[in-house]
Amino acid sequence: MPNHDTTLGGGATHAWLQIYLPGAGWVDFDPTNSIVGNRHLICVAVAWNSDQALPLWGTWHGAMHSFRSLDVDVSVTEDN
Numbered sequence: 859m860p861n862h863d864t865t866l867g868g869g870a871t872h873a874w875l876q877i878y879l880p881g882a883g884w885v886d887f888d889p890t891n892s893i894v895g896n897r898h899l900i901c902v903a904v905a906w907n908s909d910q911a912l913p914l915w916g917t918w919h920g921a922m923h924s925f926r927s928l929d930v931d932v933s934v935t936e937d938n
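Structural data, given as structure tokens:
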């Protein structure tokens with residue numbers, strides 16, 4: 859997996875896309891980091907334009923110092 863310290867947007871949500879290449883099919887492309895075909899990209903939303911993609915959101919109500927951490931678990935499953 860790319861090093862989060864050297865990959866722009868690593869460890870954070872950022873946009874990437876898929877392009878169709880005749881003979882190769884759909885290929886992942888991360889223009890932020892000039893990465894092609896990166897298997898470590900995790901799709902959480904699909905949209906025609908970025909205004910339609912609100913993959914994750916939430917709100918925090920409370921004192922700022924009360925929020926200690928946030929844990930996110932990701933599971934990869936195979937589409938049938």
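Counting in my numbering, the sequence shown runs from 859 upward without gaps.
Every residue gets a Cβ at the ideal spot worked out from N, C-alpha and C, and that includes glycine.
Nothing here was measured: the structure is a model prediction, and the numbers come from that model.
The continuous beta strand (DSSP E) containing Leu-875 extends over residues 875-879. Exclusion of the five residues before and after Asp-888 leaves Trp-874, Asn-896 and Leu-899 as the residues of its chain whose Cβ lies within less than 7 Å of its Cβ. Shown here, Asp-909 sits in a helix according to DSSP, grouped into three states.
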